[in-house]
Every structure is written in C-alpha cells, then in structure tokens.
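So the structure is just underneath, and the comments pick up after that.
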Amino acid sequence: MNPFLGGIVTIIVGVGGCVGYFYFSNLLLDKVIFPAKGPNLGRNINRANQTRPWLFLFPAIFVLTLYLVYPVVGSFLRSLYNRSGDEFVGFGNYATLLGSSDFRTAFLNNLLWVIVVPAGATSFGLLAAQLTDKLRWGNIAKSLIFMPMAISFVGASLIWKFVYAVDADIGLINAIRAGLFGAEPVDVLQIPFWNNFFLMFILIWIQTGFAMVILSAALRGIPEETIEAAIIDGANPFQVFFKIKVPQIMGTIVVVWTTITILVLKVFDIVYAMTGGNFGTDILPSYMMSFMFRDDGRATAVAFVIMIVVLPVMISNIVQARKEMR
Amino acid sequence: MDNIAGKKSGLSIATNVAVIVMVLVWLIPTVGLLVSSFRDRDQISASGWWQAPFSVELTFRGRANTQATQDGDVFVMTGNIFEDPEVQEAFGAGTGTITGFSTSARAPAEYPAGTIADLGADESLVLNPDGTYEFRAPEAPGNRGQRLYFAANTPPQFTLANYRQVLTADNMDRAFINTLTVTVPATIIPILIAAFAAYALAWMDFPGRGWLIAAVVGLLVVPLQLALVPMLNFHNSVGIGQSFLGIWFAHTAFGMPLAVYLLRNYMVGLPRDIIESAKVDGATDFQVFTKIVLPLSLPAIAAFSIFQFLWTWNDLLVAKVFLPSNDEAKVMTVKIADDLLGSRGGDWGILATAAFVSIAVPLVVFFTMQRFLVRGLLAGSVK
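Sequences listed follow chains A and B, in order.
The end of the first sequence is residue 328 by the numbering used here, with every number in the run present.
The end of the second sequence is residue 1307 by the numbering used here, with every number in the run present.
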C-alpha cells in the first residue's frame, strides 16, 4: 500500500480506535459489568469508579511499558549475550568495551559534552534572557535566537558544515582567517581534541533558545521589591544580576541544566552527520550506532552504559516530583 | 526598573551591541544556507555566499569562428565570443566583462583583456572586455575554430535550478512525502491516549496515582537508545518489521511520557470548582473529560502537538532504525545524512537546498505557533 494512504488510514483507525475504546469500555463498565441499578446499586457504582481510572490509563501504560520499561530490562539481558544472541557471555560485552580505546574516547568525549554543552547553552541563554528583557526589539531578538530549536540536528549540522568548510569561498571561518590574517585554510573538524568543541557549539547554538525562554520567564517572576531594594542600597547592575537575580532563579537554572544534560546523552545526529565519529569525535550515542545492525550485544551494552549515566538525574527527578506532590 | 538610579546610556549601548552580536551569530549561518541554495553552482565554488550580490570571476571556454577574411597572407577571424554557442550555454543570458584570456586551459587568464597576445608561430589574438576578438593566423582555419579560454566577471546569478534538481531528480520529493507520512499520524495519535491518561492522573482518585506520576517523570529521561534493539527485534517477531507502522508505534510511545506529563501539569491547574460542580450535576468522568477538560486543555494540546511534530519531523535516530533503508522509505533527515552528505559531499548548492527544503516546514510551524511553543515549554520545562 502507498505509505501516504497508509498514513491516512492509520490516523483514522488510530483516532477512531482510541475514541471507540474509551467510549465503549466506559459503556461496558457502566451498563454491563457494574450496572447502576438493581440490589447492588451502591456497590456497583463504587466499583465502577474504582475501575475507571485504569480504563483511562490502560493504553498509555501499555505503550509506555512495552516501549520504555521493557527495553530497560530487554536491553540489559540482550547485552549479556554475544553478537548473534545465542551464547551467554555474562559481562563480556562490557569488558570488551572497557578494554577498547574507542569506547574510552567516546566516553570521555561524552563527559566533555555533558559538561560543556549545558554550561554553554545555559549561560548564553541566561545572558540573552537578561539582555533582551530591557530592549525595545527584545522580542524579535529572542525569536531569532530561539529559531534553531525548530531546525533538525541534521539540518543544523549542515548549516554549520558550511561555516566550518575548508574552502575559504564556502566556509566563513576560513574566509575570515584568510581575509584578516592571510592564514592558510584549516579543517576545524580535524584539529585533534578541539574539533569536539566545534561540534558541541552546534548543540549549544540549538539549545540556547530553550534556556533563554525558560530563564527569561523566571527572571520576570522575580519580585521587584528585592531588586529595587538592592538598587537603593547602591548595588550596580552586575551586582543586581549576580547577587540578587541569579540566586533567586537557581532552581530554574538547575532544571534547564539537567534537561539539556539529558538531551546531550541522546543526540547522535550531529557527530554522525559532521564527522561520522572520525578524528576522535565519537560520543556514546554515535558509538552505539556504529554497532547497531551489526553487533546487538555490544550496541545494547553501550545503550545500557548511557542509561547508567542518566540514572542519577532520573532518580533526582523522581524524588523532586514526589516532593512536589505532597 | 534597573534604570531607576538614572545610569542608563553607557550600559544600554553595550546591551544593544551585545544582543546584536549574538543575534548575528545565531542568524548568519542559516542565512548563508538560504543564500547558497539560490546560487548558481559555479558561483558557489568561486565566491563566498556573503559576496553573492557582487559579480564573480569565472573562467569559460569557447571557439573562434572559422570564417576568415584574408589580410595579405594572414587570415583574420573576428567575432564576439559571447555569440559562441558553447559560451552561451555556460554563461546564460547577458554578457559579462572579460578580464583575461589565453588559448591554454592551464592559464585561462594569462593575458589581460584588450592586449595583443603573441601566441608564437606568427599567430596573435586580441580579446576585448566586451567579447569581441581578432585572431590572426598564417594558415586558413580548419573546420573547427581556435580554442579560446577566458575569465569573465559574471553578474550575480540567482536560480531555482538547485530546487528543481533536489525536488525532481534527487528523490527528495519522495523523502518529503515520507517525512510527512511519518510525522502526521505520530503527532495525532499520542494526543488522545495521553489526554485520557493525564485526566486520570490529574482528577481521579485511585491508589498508586502518585507512583504512576513519578514513573512518568522517570520515563521522561530514559534514553531512546535502550529501546532500539529490543523493540526492533520485537517488531520483527510480531511481523511489523521495519515499516511505517512500526515507526508510528515507536514515535507514539516515545512521545508519550512528555505528552502525559505536559497535559497532566496543565489539567491539574484547571479550576476545581468547574469540575466538581459538573460532577455534582451528575456528569460522569467520561463526560467531564470530553465536555469540560478536553476543550479547556487545548493550549496544552497545541503545545505538545508542536513539540511532537518538530521532534518527529527532525528525528534521525528512530527513522534510521525503524524504517527500511531503501529509497522508497527514506525520510529527509536520513536522505541528507546518509546520501547527500556522503556521495554529494562537494555539491554545496544541492546540500544547501536539500537542507533548506527539510527545515522549511518546521520553521513555518515555529514562527506561526511560537506562542504555544513557549507556553508549552514553560508548563513542562522538560525535553
């Protein structure tokens, strides 16, 4: 079948199926299983109301369990088997990973990404939020800084591939170098170690808008009295910013920081499109993709390493959510 | 507020300058891509996109004509090089200004335009800036004219040729449709499922509710990578395999935690009075949901739809794993990352155009729906 037609059919079947499921399961519950009449009327109504939440929740719980909970277990189990999945190797895949220098490179690069990208995006975002708040054309500036959020990682990689290009007639960086200093063109993506930072900057470029939007809202939520009091006491604008405003939005800064951290651990697109993991730029997600379709055992082992790295954030998020609910 | 003390001007200028610099850094790369996508292929490799409004010096080749007039014992061929069919084809309409010429491909601009070039063997050649030439040779020309190479300033050319090629010859039209096919169901279907679950988590009382909400928060950060191998194996074993059906399921599930989380956060904030008075009046939970909560939650639903749309449209990872890797099923991101960046690495015009085709739709959505997007971000603060 033509996939486009298939898509339309899927929308109809999917939406219709959902509506049908929710409608008829409710009907079934109220009229057939626990009918609100007869001798057990009161008990039936109670029982129906106890069951209903689970009717509402079932489809969501089902897909979440199948696609996100089961894979945690499934991936871990699979990572204990060899390439073809028929021989149990225990933690052999993990041992191989630890022994491979490629994995160590990817892991260390990933640590670098996890430190640099959230720090960069959050501070640029904070800067942009603070500076644009005072400007008359601030909203336009915000809109433009926010724009890369809409661009795919692949598209962003391509955009920056133009900037980084070796040819001084294409790459802005080499054109500026040649124009100002008459320097020979360099391929910035092949400079050992520093090439990582050129890749990271692409993600910072994308994520700054996100940080800016959230932090700008937080900055506006600061009670004005505190700022006025500081100014009357003679604080200069920098003191107002760093000693009055930043401490008050620290909670939001932490949220933004962790959100970007989690994102960094998912993004393989940039490295994949820019260098393919060559020149010492591999990170864990792209390193995993090099095993995907070839060695499921090792691919799942890398994926599980990513999961372990994410785990502390996950636990702290859950603890936070439980606290807020009380 | 910060200006109460009256110290404004210096800091204000600095602020303006800083923001302008930042906006430029954020904007220029994208503008470069857009400009490049409209430029002629030869011009892209001859000058940077920032020089696009100016003329570009390119080299061309053509032939002198074979109609000679005799001047003593010397044959003289005259004409205008811009009338040569070969030049016309490469040059397009209009004429340029010739800066240099020669008869050798190795140094195509050896002699400045307008000077007499002594080519040896009693031959000489003049090529003027306007294209007229005079070629003198001791022998009558054969049936092919003398080869001429020249460099000329060509006026800036903006063309849709790249778009024509990308959209017709490079299978990008197919990839565009495929992306749309993946995106639309994967955006619509999760909404309804998530909305019911979010309502249950927000307004229904049952044991374990707190833990379920915590679980959703936890699942928000589970790396997608974990799901790839087990779920692909699962799809293969239930017969879905790598297909559009599979990727719809996958995107639906991967978007679900954010959808439930966002919608629940929004629904919890709805006024309690409305919902309780509806229940007092005898409305069932189903009615409360469809008649009151769902319509009131439209802003949050819009916000999530934009997220999910951008996320599925821009996704590379899930498409690479859950869709077959043949040309019929490739989405645009895969097409660009695997085909164009690999084999067409040097064809910058095509790359720029393909990239721009793929980011055009998200940019339109982004600029028209920005308000909802911002609201959604502030409600969720996640992803």
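Think of the CB as a built atom: it goes at the ideal place given N, C-alpha and C, for glycine as much as any other residue.
Note down, in chain order, every chain A residue with its Cβ under 8 angstroms from the Cβ of residue i.
{"i": "Q1294(B)", "result": "S145 and F148"}
{"i": "A1174(B)", "result": "Y69"}
{"i": "A970(B)", "result": "D171"}
{"i": "M1096(B)", "result": "In chain order: nothing, as chain A lies at least about 13 angstroms away."}
{"i": "I1312(B)", "result": "Nothing can be reported for residue 1312(B): it is not among the residues displayed for chain B, which extend from 925 to 1307."}
{"i": "A1276(B)", "result": "L160 and F164"}
{"i": "I1283(B)", "result": "A152, I153, S154 and G157"}
Using only alpha-carbon positions, find the residue among the options that is nearest to residue i.
{"i": "F212(A)", "options": "G94(A), W196(A), L110(A) and V258(A)", "result": "V258(A)"}
{"i": "L303(A)", "options": "Y83(A), G253(A) and L129(A)", "result": "It is worth fixing the name first, because residue 303(A) is Ala in this sequence and not Leu. Comparing Cα positions, the closest option is Y83(A)."}
{"i": "V1242(B)", "options": "P1147(B), V1050(B), F1228(B) and V1184(B)", "result": "P1147(B)"}
{"i": "I147(A)", "options": "E1034(B), L951(B), S1249(B) and I1198(B)", "result": "L951(B)"}
{"i": "T1236(B)", "options": "V1285(B), L1194(B), S1201(B) and V1217(B)", "result": "V1285(B)"}
{"i": "K1215(B)", "options": "L958(B), F1120(B), Q975(B) and V1011(B)", "result": "F1120(B)"}
{"i": "F126(A)", "options": "M946(B), L1152(B), T1083(B) and P1181(B)", "result": "M946(B)"}
{"i": "T261(A)", "options": "P150(A), P314(A), S77(A) and M327(A)", "result": "P314(A)"}
{"i": "G1066(B)", "options": "P1131(B), R987(B) and R1295(B)", "result": "R987(B)"}
{"i": "M291(A)", "options": "P1219(B), Y1185(B), A1227(B) and K1244(B)", "result": "K1244(B)"}
{"i": "I308(A)", "options": "W139(A), N48(A), A108(A) and M327(A)", "result": "A108(A)"}
{"i": "G19(A)", "options": "N4(A), P61(A) and W207(A)", "result": "P61(A)"}
{"i": "V1090(B)", "options": "D1271(B), F1290(B) and L1297(B)", "result": "D1271(B)"}
{"i": "H1159(B)", "options": "M151(A), I153(A) and L68(A)", "result": "L68(A)"}
{"i": "A50(A)", "options": "V34(A), F155(A), F183(A) and I153(A)", "result": "V34(A)"}
{"i": "L79(A)", "options": "Q52(A), F58(A), F306(A) and A323(A)", "result": "F306(A)"}
{"i": "V321(A)", "options": "F1006(B), V1141(B) and D966(B)", "result": "V1141(B)"}
Is the beta carbon of residue j closer than 8 angstroms to that of residue i?
{"i": "L1125(B)", "j": "I1137(B)", "result": "yes"}
{"i": "D964(B)", "j": "Q1070(B)", "result": "no"}
{"i": "Y1073(B)", "j": "P1009(B)", "result": "no"}
{"i": "V17(A)", "j": "I1112(B)", "result": "yes"}
{"i": "G282(A)", "j": "V1108(B)", "result": "no"}
{"i": "A1061(B)", "j": "L1051(B)", "result": "no"}
{"i": "M1256(B)", "j": "M1096(B)", "result": "yes"}
{"i": "V1106(B)", "j": "F1178(B)", "result": "no"}
{"i": "L957(B)", "j": "V215(A)", "result": "no"}
{"i": "I224(A)", "j": "K247(A)", "result": "yes"}
{"i": "L31(A)", "j": "R45(A)", "result": "no"}
{"i": "M1180(B)", "j": "S1221(B)", "result": "no"}
{"i": "T1277(B)", "j": "S961(B)", "result": "yes"}
{"i": "T939(B)", "j": "E981(B)", "result": "no"}
{"i": "A1099(B)", "j": "K1254(B)", "result": "yes"}
{"i": "G1020(B)", "j": "T1056(B)", "result": "no"}
{"i": "L217(A)", "j": "I255(A)", "result": "yes"}
{"i": "S86(A)", "j": "N95(A)", "result": "no"}
{"i": "N111(A)", "j": "I285(A)", "result": "yes"}
{"i": "N1086(B)", "j": "I1274(B)", "result": "yes"}
{"i": "P953(B)", "j": "V165(A)", "result": "yes"}
{"i": "V312(A)", "j": "L1240(B)", "result": "no"}
{"i": "T994(B)", "j": "M1001(B)", "result": "Looking at the sequence shown, residue 994(B) is not Thr but Gln. Not a contact, by the Cβ cut-off of 8 angstroms."}
Mind pulling the chain B residues with CB within less than 7 angstroms of residue i?
{"i": "P287(A)", "result": "Q1149"}
{"i": "T277(A)", "result": "The contacting residues do not exist; T277(A) stays about 11 angstroms from chain B at best."}
{"i": "L133(A)", "result": "T939, A942 and V943"}
Which bits of chain A does residue i rub up against, with CB to CB less than 7 angstroms?
{"i": "T1257(B)", "result": "S154 and V156"}
Taking residue i as the query, report the chain B residues whose CB atoms sit under 9 angstroms from its CB, ordered along the chain.
{"i": "L137(A)", "result": "S936, T939, N940 and V943"}
{"i": "V256(A)", "result": "Under the 9 angstroms cutoff, chain B gives no residues; its nearest Cβ is about 11 angstroms from V256(A)."}
Using a cut-off of 8 angstroms between C-beta atoms, extract the partners of residue i located in chain B.
{"i": "F195(A)", "result": "Going along chain B, no residue has its Cβ under 8 angstroms from F195(A), so there is no contact; the nearest lies around 23 angstroms."}
{"i": "I161(A)", "result": "P953, T954, G956, L957 and A1279"}
{"i": "L59(A)", "result": "F1120, A1121, A1124, L1125 and L1136"}
{"i": "T302(A)", "result": "L1150, V1153 and P1154"}
{"i": "F105(A)", "result": "In chain order: nothing, as chain B lies at least about 15 angstroms away."}
{"i": "M252(A)", "result": "By Cβ distance, chain B contributes nothing, its closest Cβ being about 14 angstroms from M252(A), past 8 angstroms."}
Identify the contact partners of residue i in chain C, using a Cβ-Cβ distance below 8 angstroms as the criterion.
{"i": "M946(B)", "result": "Although the question refers to chain C, the structure presented lacks it and instead comprises the protein chains A and B."}
Give me the chain A residues within the contact set of residue i, using Cβ-Cβ distance strictly less than 9 angstroms, ordered along the chain.
{"i": "F1168(B)", "result": "P5, G8, G9 and T12"}
Segment contact, 8 angstroms Cβ cut-off, at least three pairs: the stretch 164-175 of chain A with the stretch 183-196 of chain A: yes
Contact the stretch 123-137 of chain A vs the stretch 197-211 of chain A: 3+ CB pairs below 8 angstroms: yes
contact_flag[the stretch 1172-1182 of chain B, the stretch 1202-1211 of chain B] where n(CB pairs < 8 angstroms) is 3 or more: no
Uninterrupted alpha helix (DSSP H) stretches inside the stretch 198-257 of chain A (no shorter than 4 residues): DSSP runs (the alpha helix (DSSP H)) wholly in the stretch 198-257 of chain A: 226-234.
Given 8 angstroms, three or more beta-carbon pairs between the stretch 195-207 of chain A and the stretch 105-116 of chain A: yes
Given 8 angstroms, three or more beta-carbon pairs between the stretch 149-163 of chain A and the stretch 239-246 of chain A: no
Cβ contact (3+ pairs, closer than 8 angstroms) linking the stretch 1154-1162 of chain B and the stretch 61-76 of chain A: yes
Ordered list of alpha helix (DSSP H) runs contained in the stretch 1122-1166 of chain B, each at least 4 residues: 1133-1143 and 1149-1162
Complete beta strand (DSSP E) runs within the stretch 1005-1091 of chain B (minimum length 3 residues, chain order): 1021-1026, 1040-1044, 1047-1051, 1056-1061 and 1071-1078
Ranges of the beta strand (DSSP E) found wholly within the stretch 941-1010 of chain B, counting only runs of at least 3: 980-987, 993-995 and 998-1004
Ordered list of alpha helix (DSSP H) runs contained in the stretch 75-136 of chain A, each at least 4 residues: 94-101 and 103-135
Inside the stretch 256-323 of chain A only - alpha helix (DSSP H) runs reaching at least 4 residues: 271-276 and 286-291
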